[in-house]
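Have a look at the structure below, then the notes.
4 protein chains.
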Amino acid sequence: MDIISLRRDLHQHPEVGFTEFRTASKVVEVLTSLKYNVIFGKDALDGDSRRGVPPTEVLQETFNRALQDGANPEILQEMEGGYTAVIGTLKGKTDGPTVAFRFDMDALPVTESTDSDHFPQTNGFRSKYEGNMHACAHDGHTVIGLGLAEKLADQNFAGTVKLIFQPAEEGVRGAYSIVQKGILDDVDYLYCMHLGTDVPLGEFHGGSSGFLASTKMAAHFHGVSSHAGASPEKGKNALLGAATALLNIHAIPRFSSGSTRINVGILNGGTAANIIPAHAKMIIETRSVTEETNAEMEKRVRNIVAHSAGMHELEYEIEIIGQAITIHCDQELVDLSMEEARNVNGFSTIKACRESGSAGSEDASFMIRRVQDNGGKGTYMIIGTDIPAPHHHPKFDIQEEVLPRSVELLNLIARRLLK
Amino acid sequence: MDIISLRRDLHQHPEVGFTEFRTASKVVEVLTSLKYNVIFGKDALDGDSRRGVPPTEVLQETFNRALQDGANPEILQEMEGGYTAVIGTLKGKTDGPTVAFRFDMDALPVTESTDSDHFPQTNGFRSKYEGNMHACAHDGHTVIGLGLAEKLADQNFAGTVKLIFQPAEEGVRGAYSIVQKGILDDVDYLYCMHLGTDVPLGEFHGGSSGFLASTKMAAHFHGVSSHAGASPEKGKNALLGAATALLNIHAIPRFSSGSTRINVGILNGGTAANIIPAHAKMIIETRSVTEETNAEMEKRVRNIVAHSAGMHELEYEIEIIGQAITIHCDQELVDLSMEEARNVNGFSTIKACRESGSAGSEDASFMIRRVQDNGGKGTYMIIGTDIPAPHHHPKFDIQEEVLPRSVELLNLIARRLLK
Amino acid sequence: MDIISLRRDLHQHPEVGFTEFRTASKVVEVLTSLKYNVIFGKDALDGDSRRGVPPTEVLQETFNRALQDGANPEILQEMEGGYTAVIGTLKGKTDGPTVAFRFDMDALPVTESTDSDHFPQTNGFRSKYEGNMHACAHDGHTVIGLGLAEKLADQNFAGTVKLIFQPAEEGVRGAYSIVQKGILDDVDYLYCMHLGTDVPLGEFHGGSSGFLASTKMAAHFHGVSSHAGASPEKGKNALLGAATALLNIHAIPRFSSGSTRINVGILNGGTAANIIPAHAKMIIETRSVTEETNAEMEKRVRNIVAHSAGMHELEYEIEIIGQAITIHCDQELVDLSMEEARNVNGFSTIKACRESGSAGSEDASFMIRRVQDNGGKGTYMIIGTDIPAPHHHPKFDIQEEVLPRSVELLNLIARRLLK
Amino acid sequence: MDIISLRRDLHQHPEVGFTEFRTASKVVEVLTSLKYNVIFGKDALDGDSRRGVPPTEVLQETFNRALQDGANPEILQEMEGGYTAVIGTLKGKTDGPTVAFRFDMDALPVTESTDSDHFPQTNGFRSKYEGNMHACAHDGHTVIGLGLAEKLADQNFAGTVKLIFQPAEEGVRGAYSIVQKGILDDVDYLYCMHLGTDVPLGEFHGGSSGFLASTKMAAHFHGVSSHAGASPEKGKNALLGAATALLNIHAIPRFSSGSTRINVGILNGGTAANIIPAHAKMIIETRSVTEETNAEMEKRVRNIVAHSAGMHELEYEIEIIGQAITIHCDQELVDLSMEEARNVNGFSTIKACRESGSAGSEDASFMIRRVQDNGGKGTYMIIGTDIPAPHHHPKFDIQEEVLPRSVELLNLIARRLLK
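Chains as they are written, first to last, in full-length UniProt numbering: chain S, 1 to 419; chain B, 1 to 419; chain H, 1 to 419; chain L, 1 to 419.
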């Protein structure tokens, strides 16, 4: 399998969260061809546990696009409606533990650069899906997973390998639904990984720390419209409720228990200059270094929204559209991966846990936690690559030489645990 | 009785709402000496229906002041705690209807001018109670009532005359408690009156219109203090709740049903720079041309306060500290008073209802309404006097010649109705 | 000319403000065929004085649609970019005054009903431009104007007739640009009119009163985005500025000078949960019974927006997207139209000025004011028709019999003034 | 000198910031009697650099109180108006460096407990100045300073000792004015200290870290009052400006550069229910782990206040009423004090820098910084004492045995540096 070519193909067809129809279909095809036991569609995730699922028309449109672009219709039909996780399992020749690896597949709503110094542009694999882009290396993650699948296809190990291809990591929306389906329940060791994140080529971190607990919410306010001139008092003004909530959410205090973050990222409401606005929608995000504090912040946001609505006699709902918890890497797995990294050409700087300086969040956290809750172990590794522009930027790119090297590392890790 | 001297005595001893101890005592003495049946103290008003009663220490201090300034201790003791209404009733020689007149007695928290062109200053009767002042002519109203009492003391009429001396008209706080005591329940005709209000000397209006329904409220927010540096998240911030309420109260919409007013007149909260503020108090006022709309505004204020408190996990209470309804003068009484005014020297311009242009409120409204609800009739007259400065101003004053003239007019009105 | 058929054709092709390409082309064709001197395109309005012009892509798309639907390309090209006013002038056989009539042509962004009791639906002339609808009778106004043009084509009068077909009355956006082009400068008498407005069939009003002065504004806030987790302090938060402006705009006080209205009809801002929002847009509307007060309110809105932006270090702009002033109808024209209405079959109830109870606004006000400022006279008539649903409703409709009747009335008025 | 008795005398006469008239007089008397060169009054601090000076009437009243309670009138008159710092300098027998010690003298506006388990109550030295209390051990600090003065009076050292008795440490208001007077400019070593702060008796810390940079501000908003019913639009509403500022100050974002704090501790405004409020006053506090971030927060507060005022056409001023910077203790002084502590009976646990966990601030920071800026060194020591209730609590107290022990430690430190 030529994982470089495959990466470029995925890069050219970037699919955002829960619309990874073409990508996931390809993953199913490869895993099936390698004799993996493959589960996907409604068997691979719990539909109701997904967060921030796109509207039906978007799901349908991207589904059709995948169909037109050659995705296998039989595989595809199982994914209709955004069931885009894929789980490949392979038993070794003898018994042993279950070792899982997690790879995320989704792209971003970013328009890719057309600059002549942008490698995908000059090498003919810039995004064909205008407005979407693999600007966070998940195309690379996916092919590393498939490369690993190929390596392990010999079944020459003791135990079971489980490869988890996750949709919708962006917005921390997809992992929880896989966890809720029970996919992690039999896992003894879980390795998650990310390329880049400001770590240069040749450097490797066996773990990570500093991921924040985070909740992303959509609040909907429903009032009553009326003519702003003829009968202003008959309206129930959704924007007054929303603006009040916005200011008061920002006024949630600092916590002495540790660093927190709060943001109202989006507010949309109203229809016309002369109509009392009847509807408003607000996207809110909380973060904290502890889950307790994040839960307290979420509770305060909910209370503020409820009372801002009540103050103006509005109805409201709040839906969770994304969520992450903190990650505590197990030292045993961190150490083991560092040892194996020393056996791979190209890793010259090998370090333990990397502190996330970017106040970021990851929903792999739910997977690691589930494994740990069951007595297993997990870690989140960083594999360095130089990047010409920051993650999520129109000119983001990775160095492709990191891909085979990463496959080799993961293969060594798997063999070590499964011997 | 020299009502000019008496007016100057009252002017020198101005007592604000529910502290009219000295004034009310004098009224009791005069009425008693004229053989009126006098009720006062807890018999003259319903204590719980008073609005905006001053704190106990203020009531005690002003009570003691009245005692020191020669008020009759036996009379005074009935008024302890702010029971400062006085009702004088006199039956005529034959049966007939009950005609009531209402006079308000309270002063204002205004510091009286010491300018040499201020008549009370140059004539030696400027306020002795520094910071208080009769700046709305209620000293005049009170002596007009006593002058009328003297005129009618001959009992040479058919029916009953009822003279109501009311405390705490300022802030529309006292009338309702007299109504609730049942004092108006047997009244067939009620005449209320005011001197001045931009009507010049010599002009008389038999009625008034345009008084607004109004509610004055105190909202108290109770949170939890905490150190703003060490544990900001442990506080429950009363000022955040109050500021949110303040902005949203001002955002109550205009009503197509008619003119409205809204004000947050006072906000006080917090104790120190480094303490999350645990308490705040807010004074709010609504007004409207209709009682329905004023009631709706009051309801919205209550809802905004409740939810602003709830938003920040605060406790709260709202107390009514003043209230007025609208006044609709009965044409029969308006006409009758206009006819009699023509019989009094000095009234050269005689008009029917005067539109209140000042968006003011009057709690005589409760008295008039009670009489009308029982099938009786009422009106609110304006008796003109030139004034050197607006009502409530440190240099406000009346022309004393209006006093005997007003007594004569009221006497004629009473005789006409009681013949 | 069959104005009923023509009205149905226009009804089927509703074009919203400044996109009346097909409608205006037809008006040009008819007027030209009747030998009127026709000016249109950039000669008929001042481009920079238009308010609330749609975005370029909308103008282009609707332009193309008109082209596809058979509009005359030569005429159309003059209107490209939204220059959709048409002025037809015809001189009579002898000299005399200039009499103008104004007709508005634009439709609304309303989706027309498909109910079986909706007359246009069952009679095959429901809107073909899904999402747009003639829901305020401007289709009727336009054909009345064309019917009048036909009647007056005989030139059998003394003076000049000027027929003004205005774009973008909805949102009070188009009239001012025609005034600024000088089109009204030679007009001695101006008659404006509206069908319906809750006046039943058979009733006629020679004038109107109660239109409010109004300003509609778009405020744009420009900040700086940043990652809400990694560097919240680097953002400049446009939604904090906008929410602050929204609450404070609503808190603009009542005016003792008369009734006012205020509304923030739309607020949109932000892009993602985890990004400090860099942009927000707000649509604001003020109204008042006097232009002075409306101007003061507009000034306060501008000040609040400026300081809400400054408070959060945002850039901002405010653009006027609609404006209207008050209308004072000249009694001479009111009376004259009432007299002529008595000569038309079908007008059974004939009244003078109608008080607008709906706190509405009209930009014909700018035209009437310009004529009056030059010593001329103007009025705004209401011609009744029963309507099955309110103006701007998906089931709005008019009774077509009102159309020829209205043509006849306007013809009589014109002849009377031009004899 | 019996420093226990002296401490009880000071405890009984607690004087808050800039009113330490009696305390400072006593300090002057003691130092003078010990032959120190004593400067005080306007020579000891820069009047304009004082922050949060009490109103004139408070200064006068407390001045008179000190006079009545036996303070030396000649000394006292130099302090009139709140010039309550005292500096005692003593040269040793030979030349050497200048070593300074700083002691704060002010009490708190706390009402002292009368409980029978409160030591000062049962031992007869509870506060005689009702409402004020030494609840932060500054009475102890002051007598330690005087005890040290006595020890060093032998002049048996090489160099100069400088004892700085500071007013108004609470609210971080006084130190800066002493620095600005140049008092610290010749100091080579500066030792500051605090008793308690949750460190138990017997434990000693040679330094401290974690003090936050902080700014305390008073913002005054000045508008125009008007009658809320008659002419609401003529008012300029100070409370609308203040409430807007309050909410937006709380919405200042978290900083990725480190922990911050923000509080609006007090808001007072308005005069009556029916008056548009013309004045409001707000007390605001910012804190941060870095001075740069605190400065940025102060800048944002100023900008928010300015624009909240401008939004409602208000005038405003902002005054700094307290300020502190961070403290970085010099290791040389930390080590030296730890070494000497080992030579004092009673210190059983000796530690280096103590992290302030309470997000507190100290204006000794200005003194230490000035010394360090001139090439000198400084530290801030903590001397443990068990406390029955937290600092600033009505039942706060110290263990008096810590006092002589502290004098001895400071004496050893001074001798060591001055040998």
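Glycine included, each C-beta is placed from N, C-alpha and C at the ideal position.
Here the alpha carbons of residue 334 (chain L) and residue 416 (chain L) stand approximately 13 angstroms from one another. Unbroken alpha helix (DSSP H) runs of no fewer than 4 residues, entirely contained in the region 116–167 of chain L, are found at 119–122, 138–152, following chain order. Cα atoms of residue 214 (chain L) and residue 288 (chain L): separation of roughly 7 angstroms, rounded to the nearest angstrom. Shortest Cα-Cα distance from residue 99 (chain B) to any of B:298, B:318, B:191, B:344 involves B:191. Between residue 240 (chain B) and residue 247 (chain L), the gap from beta carbon to beta carbon is short of 9 angstroms. Looking at the DSSP output, residue 191 (chain H) shares a beta bridge with H:101, H:379. Not one beta carbon of chain B lies nearer than 9 angstroms to the beta carbon of residue 327 (chain H). Distances from the alpha-carbon of residue 223 (chain S) to those of S:216, S:212, S:238, S:232 put S:238 closest.
Within chain H, no residue has its CB atom less than 8 angstroms from the CB of residue 405 (chain B), the nearest being about 32 angstroms off.
Contact annotation: residue 329 (chain S) and residue 406 (chain S) have beta-carbon atoms that are not nearer than 9 angstroms. With fewer than three CB-CB distances shorter than 8 angstroms, the region 261–275 of chain B does not count as touching the region 247–263 of chain S. The contact set of residue 216 (chain L) on chain B, defined by CB atoms closer than 9 angstroms, consists of 273, 274 in chain order.
When C-alpha distances from residue 22 (chain H) are compared across H:411, H:112, H:6, the shortest belongs to H:6. Chain B has no Cβ within less than 9 angstroms of the Cβ of residue 307 (chain H).
Where residue 351 (chain S) is concerned, there is no enclosing alpha helix (DSSP H), although the beta strand (DSSP E) around it starts and stops at 349–355. Taking 9 angstroms as the cut-off, the beta carbon of residue 168 (chain L) is found no closer than this to the beta carbon of residue 86 (chain L).
Taking 9 angstroms as the threshold, the shortest C-beta distance from residue 286 (chain S) to chain B does not fall below it. Residue pairing by DSSP places residue 176 (chain L) opposite no residue, since no beta bridge is assigned to it.
Contact annotation: the region 101–112 of chain S does not touch the region 49–66 of chain S, with fewer than three C-beta pairs closer than 8 angstroms. Interface annotation, residue 163 (chain B): not in contact with chain S, CB-CB separation never under 9 angstroms. Going by C-alpha positions, residue 125 (chain L) is about 24 angstroms away from residue 200 (chain L). Here residue 94 (chain L) has 158 as same chain residues with Cβ atoms under 6 angstroms from its own Cβ, once five neighbours each way along the sequence are excluded.
Unbroken beta strand (DSSP E) runs of no fewer than 3 residues, entirely contained in the UniProt domain "Peptidase M20 dimerisation" (217–307) of chain B, are found at 260–270, 279–288, following chain order. Distance from the CA atom of residue 60 (chain S) to the CA atom of residue 80 (chain S), rounded to whole angstroms, is 8 angstroms. If only complete runs of 4 or more residues are kept, the region 38–80 of chain S shows the alpha helix (DSSP H) at 56–68, 73–77, in order along the chain. Interface flag for residue 247 (chain L) against chain S is set, since a Cβ pair is found closer than 9 angstroms. Not a single CB atom of chain B sits nearer than 9 angstroms to the CB of residue 295 (chain L). In the DSSP assignment, residue 11 (chain B) falls within the unbroken alpha helix (DSSP H) covering 3–12. A direct Cα-Cα distance of roughly 6 angstroms separates residue 84 (chain B) from residue 20 (chain B).
Taking 9 angstroms as the cut-off, the beta carbon of residue 175 (chain H) is found closer than this to the beta carbon of residue 367 (chain H). If you compare the alpha carbons of L:33, L:419, L:188 with that of residue 369 (chain L), the shortest gap goes to L:188.
It is roughly 53 angstroms from the alpha-carbon of residue 341 (chain L) to the alpha-carbon of residue 267 (chain B). The beta carbons of residue 206 (chain H) and residue 337 (chain H) sit closer together than 9 angstroms.
Nearest CB-CB separation between residue 346 (chain L) and chain H: not below the 9 angstroms threshold.
The shortest CA-to-CA distance from residue 280 (chain L) to any of L:34, L:318, L:67, L:360 is the one to L:318.
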